[in-house]
Amino acid sequence: MKRVAKDDFVEGFVAHHNHGSVDYTSVDNGHVHQCLDVTSPPIQTEDGSHIHYTEGYVLYEDGHTHYYKAYSGPAIPVVNGMHVHYYDFYTSEANHHRHHVKGVDQPAPGTK
4 MKRVAKDDFV EGFVAHHNHG SVDYTSVDNG HVHQCLDVTS PPIQTEDGSH IHYTEGYVLY
64 EDGHTHYYKA YSGPAIPVVN GMHVHYYDFY TSEANHHRHH VKGVDQPAPG TK
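Under my numbering, the first residue of the sequence shown is numbered 4, with each subsequent residue one higher.
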């Protein structure tokens, strides 16, 4: 079995990979939180693509934190045999507010 490194360009599906992301939440109640995330391994979908599950806490800010659970969108092929996923979710409520998080994660090998 050929070993695939994080920067290798691969056509098709790579079974054992995950994605990282660094993002900020929306501004709510006068502040933001940083969201540092690493997804689960891929979950194959019926159409031959895949999604990822993630859960965690945004970084402590303004005296509190928020929890989140989310699934990514399907794989989006980008240049050179890599792909990304779009995510769009809300955190749990704390101190009478919640935050919106959306964006694209870091590229990983594979086009599906």
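From the three backbone atoms N, C-alpha and C, an ideal C-beta is built for every residue, glycine too.
Report the rounded CA-to-CA distance for residue 57 versus residue 46, giving the unit in angstroms. Distance from the CA atom of residue 57 to the CA atom of residue 46, rounded to whole angstroms, is 11 Å.
So the candidates are 107, 69, 41 and 76; which of them puts its Cα closest to the Cα of residue 21? For the options 107, 69, 41 and 76, the alpha carbon positioned closest to that of residue 21 is the one of 41.
In angstroms with no decimal places, state the Cα-to-Cα distance between residue 76 and residue 43. Rounded to whole angstroms, residue 76 and residue 43 show a C-alpha spacing of 13 Å.
To the nearest angstrom, report how far apart residue 114 and residue 89 are at their CA atoms. About 14 Å.
With distances taken between CB atoms, is the gap from residue 108 to residue 81 smaller than 8 Å? No; because the gap between Cβ atoms is not below 8 Å, this pair is not in contact.
Go ahead and label residue 48 buried or exposed: buried means 16 or more other beta carbons lie within 10 angstroms of its beta carbon, across all protein chains shown. Label assigned to residue 48: exposed.
Please work out which residues of its chain come closer than 8 Å, Cβ to Cβ, to residue 35, disregarding the five sequence neighbours upstream and downstream, and give them in chain order. Cβ within range, chain order: 27, 28, 29, 64 and 102.
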